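For the sequence shown, the numbering used here assigns the number 894 to the initial residue and increments by one for each residue that follows.
Even for Gly, the Cβ is constructed at its ideal location relative to N, Cα and C.
Being a predicted model, the structure only gives us computed values, none of them experimental.
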Amino acid sequence: MKKSEEQVINVINSVSSTGDTLNSIADIITQINDMSTRIATALEQQETVVEEINMNVVKINDKTQESSQAIVDVSKARQELAKLLTDMQTLVAQFKINHE
894 MKKSEEQVIN VINSVSSTGD TLNSIADIIT QINDMSTRIA TALEQQETVV EEINMNVVKI
954 NDKTQESSQA IVDVSKARQE LAKLLTDMQT LVAQFKINHE
């Protein structure tokens, strides 16, 4: 009888210990799930930031190309003005002032 009581007590202690272990495992699983959720949220935020950076890089590239074209246009206009100035000087040189 004494042995049976000891065995029952051992079984109860084992069951109690198993319950505690299962509760600990459940707590750890909850923590892991929380961490996974935070990681997923952080990844989404990083993806959004990367997309914004990519869009800004594209905008910078577009503005750089526009600026390059503007420089080319200004250079052409400068050359045209220089030619017009030379032509004007040639025309003005044809006039003779009579000092009579």
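In this structure, the CA atom of leucine 978 is about 16 Å from the CA atom of valine 967. Within its own chain, no residue has a Cβ closer than 6 Å to the Cβ of lysine 896 once the five positions on either side in sequence are excluded. Linking serine 917 to arginine 931 through their CA atoms gives a straight-line distance of about 21 Å.
It is roughly 58 Å from the alpha-carbon of asparagine 991 to the alpha-carbon of aspartate 955.
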